[in-house]
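A quick write-up on the structure given underneath.
In our numbering, the protein residues as written are 61 to 288.
Structure (structure tokens):
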């Protein structure tokens, strides 16, 4: 165990047995990540909760009484933040979390285990909300192959599909927030969002690892009927 440049203790994991180098590096990064420790102390299910907190603190996306949809929600860190910010546990708003995987219950969050790409998913979602959504958010990432260009296209394709879903369920003036990665493959995605929303920007919260190309696309002011 040694100290890093900030003076914090740095945990090093020894490679032994059948542990792969990639697994060792991932475990070492987790053990030394201050946001992992902060998430555990705060009771959040993932460090990603701090990404949404930082984005919302700056842009004020989540307000009491809003209806929010969290796509690919498991393990639920973003849903936890949304429930607190809109007051859904107190009956002031609604949060619906959607994922193919099971997710343990979160107070104030309705969970739907379904594929948001299904044709009837928007109808099911609006039925659960009792109307349209104010915010659709997604911290999903596509499964990677290790081939850079293929992975970039998969990631952009997932965000494009999430954006299309958002346009089916958002109220006029609504917001779409989704994880993406810096690449040259998102020109069509940005053009689509600029057509459907008044303002489109990229944001990178401090909780996003600085050595990662991860960033978020934030689209506000949904123009209902812009496709017509």
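Even for Gly, the Cβ is constructed at its ideal location relative to N, Cα and C.
When the Cα atoms are used, residue 214 and residue 238 turn out to be separated by approximately 14 Å. Residue nearest to residue 243 within the set 231, 217, 187 and 200 is 217 (criterion: CA-CA distance).
By DSSP's assignment, residue 275 forms a beta bridge with 240.
Taking the Cα positions, residue 249 is about 31 Å away from residue 96.
When DSSP reads this structure, residue 197 sits in a beta bridge with 130 and 237. Annotated three-state conformation of residue 100 is helix, per DSSP.
Under DSSP, residue 173 forms a beta bridge with 159.
In the structure shown, the three-state DSSP call for residue 249 is helix. Sequence-distant partners of residue 103 (beyond 5 residues in either direction) whose C-beta falls short of 6 Å from its own C-beta are missing from its chain. Taking C-beta atoms as the reference points, residue 108 and residue 267 count as a pair closer than 9 Å.
Rounded to the nearest whole angstrom, the CA to CA distance from residue 171 to residue 247 is 33 Å.
Within the model, the alpha-carbon separation for residue 276 versus residue 187 is close to 28 Å. The beta-carbon distance between residue 222 and residue 131, rounded to whole angstroms, is 6 Å. This is short enough to meet the 8 Å contact definition. Listed in chain order, the non-local C-beta contacts of residue 115 below 8 Å within the same chain comprise 121, 237, 263, 265, 276 and 278, local neighbours out to five positions each way being set aside.
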